[in-house]
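Comments concern the structure below.
Next up, the structure:
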């Protein structure tokens, strides 16, 4: 499988909250924005995101591959329950994007670098 195929499988895994398959796509020693969180920490972060944002859906708008790297622009249209990135969303619908870069090692995501467009969220409040 190519990194692109693996990435699409990963996104499908997230959108279906199929946490039992997450280890197929994410390395045991995954780092998120430079911090080692490990697979269990990464899974906990994603599970928390889905608890706080019940209608969370990862919509891939742009995908560029330069193995072992993937660059993706994700679009979100969702309704966070309470405070989100320190902002009082409290059930309002917001739209924003995330630019995220992944590095694969042995067919699994080893590094994730994420930048979320918080200014777009602030502009909607």
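Numbering (full-length UniProt numbering), first residue to last: 1 to 125. Just so you know, even glycine gets a beta-carbon here, dropped at the ideal spot from N, CA and C. In this text, all values refer to a predicted model and were calculated from it rather than measured experimentally.
Going by Cα to Cα distance, which pick from the options is closest to residue i?
| i | options | result |
| --- | --- | --- |
| residue 79 | 66, 124, 22 and 103 | 124 |
| residue 117 | 76, 110 and 105 | 76 |
| residue 45 | 22, 7 and 59 | 22 |
| residue 4 | 109, 36 and 19 | 109 |
| residue 14 | 106, 42, 35 and 30 | 42 |
| residue 53 | 83, 105, 119 and 68 | 83 |
| residue 101 | 30, 90, 85 and 94 | 30 |
| residue 8 | 87, 55, 89 and 65 | 65 |
| residue 17 | 98, 47 and 37 | 47 |
| residue 86 | 6, 37, 119 and 32 | 119 |
Taking DSSP's pairing of strands, which residues face residue i in a bridge?
| i | result |
| --- | --- |
| residue 116 | 98 |
| residue 72 | 63 and 100 |
| residue 83 | 88 |
| residue 39 | Partner(s): none; residue 39 has no beta bridge. |
At the level of alpha carbons, what is the spacing between residue i and residue j?
| i | j | result |
| --- | --- | --- |
| residue 63 | residue 113 | 15 Å |
| residue 51 | residue 81 | 9 Å |
| residue 73 | residue 92 | 23 Å |
| residue 71 | residue 11 | 13 Å |
| residue 26 | residue 39 | 7 Å |
| residue 49 | residue 104 | 23 Å |
| residue 34 | residue 121 | 24 Å |
| residue 28 | residue 20 | 14 Å |
| residue 68 | residue 2 | 9 Å |
| residue 24 | residue 55 | 24 Å |
| residue 106 | residue 6 | 11 Å |
| residue 89 | residue 37 | 27 Å |
Here's the rule: buried if 16 or more other CB atoms are within 10 angstroms of the residue's CB, otherwise exposed. What is residue i?
| i | result |
| --- | --- |
| residue 57 | exposed |
| residue 96 | buried |
| residue 115 | exposed |
| residue 60 | exposed |
| residue 111 | buried |
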